[in-house]
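Numbering (the working numbering), first residue to last: 1460 to 1540.
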């Protein structure tokens, strides 16, 4: 295997784009980006203690929460223009 270890760096693109959008478009501190970093860190630190199903549920849980936030924020931003 080329990369058998944790792959936290896969989320760097998401965090950079999210932080840029929050800073440039919403003109605020990148709260969602920081929350995403915390969720990714929690997920990978919990990987050793959780089983596969619980880890998947944790990952899907924060990803769904982020998706709902992005949908809500983008709709609000679109309406304000």
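Glycine is no exception: its CB is placed at the ideal position from the N, C-alpha and C atoms.
Whether residue i touches residue j by CB criterion (8 angstroms)
i	j	result
residue 1483	residue 1492	no
residue 1535	residue 1517	no
residue 1524	residue 1485	no
Candidates the options, of which the one nearest residue i by Cα
i	options	result
residue 1494	1535, 1529 and 1534	1529
residue 1466	1490, 1476 and 1504	1504
Pairwise C-alpha distance: residue j and residue i
i	j	result
residue 1513	residue 1522	14 angstroms
residue 1475	residue 1468	11 angstroms
residue 1490	residue 1509	27 angstroms
residue 1497	residue 1471	12 angstroms
residue 1481	residue 1500	20 angstroms
residue 1506	residue 1473	20 angstroms
N-terminal and C-terminal residue of the alpha helix (DSSP H) that residue i is part of
i	result
residue 1472	1471 to 1483
residue 1543	Nothing in the structure corresponds to residue 1543, since the chain is present only between 1460 and 1540.
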